[in-house]
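Take 971 as the starting number for the sequence shown in the working numbering and just add one per residue.
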Amino acid sequence: MDTSLEKRVGKNSLAIYVGRLANLGINLVAFVFLANYLGESLYGRLSFVLTYVGFFDIVVNAGCNQILVRELARAELRRERVLGTGLWLRAASLGVGVVACWVGIVALGYPKEVVYLVLIVSLNLLLSSRIASARSFFEAVFQAELRMMFPMALVLLDNLVFLILVLWGSRRGAGIVEIAFFYTLSNLGGFLLLAWRFFRDNPISWHFDRELARSLLVQSVPVMLYLCFSNLNTRLDVLLVSLLRGDAEVGLYTSATRLVLPLTLLSTPITMSLYPIYSRAYRSDPQLFADVLSTGLKLLALLGLALACGFFFNGEWVYRLLYRPEYAPAARAFSLIMAALALMFVTFYMVEILIGTNRQHLATIVMMIVLISNVALNLVLVRRFGFAGAAYARLATALLSSSVLTYLVQRHTRGHLLRDWPRVAAVVVIAWGVSIAVRPMSPPLQWPILGASIAASVVLTGYFRPWERALLLRFIGKSR
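In structure tokens form, the structure reads like this:
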């Protein structure tokens, strides 16, 4: 890998990580505050609305984001043609997505207040940095060029504005409608700045290229179907808990998911930085392709393992620290979803590999099977165990999807992906063993011991090969 590419990967990864961590912290404060401020029922209603609107980012994205990044990274087509035609397609998909969102909530027969909330929040399908909105089209250029610092700074701005508005509004007795308005308004400034930068820096051909559009759509359909199944898998539990158990249980359940699911974004700096590299190397440099896949998986496994082991046994402690006592029943759901986190990291990475190597149809088929399983599990478990059943279903489907996708990628890459699996397995066993051993201690005492144990096991097992260690050190050095 050449020096300039190493430098860009290092800086890009650092920018995304710093941005993600800062945004996670701000969002944690904002949504924990809202949960305690609104109470279970109103917080559950707000969470349902955000989840419902977020589902329609499938239609807005239409599977084009990953295809666009891939084509821009390969640079085989004229850039201005790709961007111009892509903008026309995104405008059309945005219109369809917004209308479908409005029609759907009316057809479901929800109360007028919920309909009004959806109308307000649906503007995020254009503005938001939190979902795959129309705004994500502008970000795709920065991702393909490995320079995500500016978009990440704008996401940070969005979240800071939201937190400030929430704190200000709570002092004035703001209700749920005002909170929804704050959520939408907070994204406006970042959207306008990103759009201005995009049009300033990129020449656009406004001619609609039908042949190119047809090609992009044909490639995007499997990705869109995958995203549809994936989003249903991610959001189905909240929708079913809302329909079967009511707003209060949605509030309890989403108090857990709002803590855990944003952590999945911690995997995106790795996947976003590596995606353009292995998309190019797949055809031009088989050795680099194999090396990047293996190293990326080991990094994600290590990150997910540290988070899962650190919090699985500490759900009650987390809830005592963050929430009012009435949220305590959700601590078990938090632990179960946290256990699924590392599996989610693996799932997302495997899907990105399949898309980057033109095998998106495999991801679509797998997620369709997982969705069918998820629906069946949730219908049975939510009816019987309430929101806790949704947490068990999430863990089971995460295990199913990560296992099947890893098997497919392993076959597709001729065994390169899991060539170091004994080392990974050894670190996993050691980490969980230490986590169980230190369970009686308080979490602030557990975490340093667990962290030191994982670090020692990485060194002793030779988790990273010498060339991987050298490469990671160079990336870190180049990011400064």
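Where a beta carbon is used, it is the ideal one built from N, C-alpha and C, also for glycine.
Terminal residues of the continuous alpha helix (DSSP H) containing V1068? R1049 to A1077
Is it true that the CB of L1210 sits closer than 8 Å to the CB of V1076? no
Using a Cβ-Cβ cut-off of 7 Å (strictly less than) and excluding sequence neighbours within five positions of P970, which residues of its own chain qualify? This structure leaves residue 970 out entirely; the chain is present only between 971 and 1450.
E1322 to K1268, Cα distance in whole Å? 15 Å
Sequence-distant residues of its chain with Cβ nearer than 8 Å to W1417 (five each side left out): G1280
Taking the straight line between their C-alpha atoms, what separation do you get for N1129 and L1137? 12 Å
Provide the residue span of the alpha helix (DSSP H) that contains Y1319, from first to last. L1311 to G1326
Over the uninterrupted alpha helix (DSSP H) stretch that includes N1201, give me the two end residues. R1180 to R1215
Once you ignore the five residues that flank S1200 on each side, which residues in its own chain have a CB closer than 6 Å to its CB? M1337
Reduced DSSP secondary structure (H/G/I, E/B, other) of S1098: coil
Just how far apart, CA to CA, sit S1449 and L1235? Legend: pLDDT at S1449 = 48, less than 50; position of this residue unreliable, no value from coordinates given.
For L1378, which residues in the same chain have their Cβ closer than 6 Å to its Cβ, ignoring the five residues on either side in sequence? L1332
Check each candidate in L1272, D1390, F1355 and W1437 and name the one with the smallest Cα separation from L1420. L1272
Beta-carbon proximity of S1405 to F1283, cut-off 8 Å: yes
Option nearest I1149 by Cα separation, candidates F1001, G1432, L1277 and A1422: F1001
Among C1071, V1429 and R1389, which residue has its Cα nearest to the Cα of V1397? V1429
Under three-state DSSP, which class holds R1364? helix
Between T1055 and F1151, which are expected to be in contact by the criterion C-beta below 8 Å, what is the C-beta distance as a whole number of angstroms? About 34 Å separates the two Cβ atoms, so there is no contact after all.
Would the stretch 1119-1128 and the stretch 1137-1147 be scored as touching if the rule is three or more Cβ pairs under 8 Å? no
Beta-carbon proximity of S1423 to A1401, cut-off 8 Å: yes
Specify the secondary structure class of A1032 as computed by DSSP and reduced to three states. coil
Between the alpha carbons of T1367 and S1343, how many angstroms are there, rounded? 7 Å
First and last residue of the uninterrupted alpha helix (DSSP H) at D1255: Counting along the chain, D1255 falls outside any alpha helix (DSSP H), and DSSP gives it neither H nor E.
Which value, in whole angstroms, describes the spacing of the CA atoms of V1091 and V1023? 7 Å
What is the rounded straight-line gap between the Cα of S1063 and the Cα of V1029? 6 Å
So, do the stretch 1176-1192 and the stretch 1066-1076 have three or more beta carbon pairs nearer to each other than 8 Å? no
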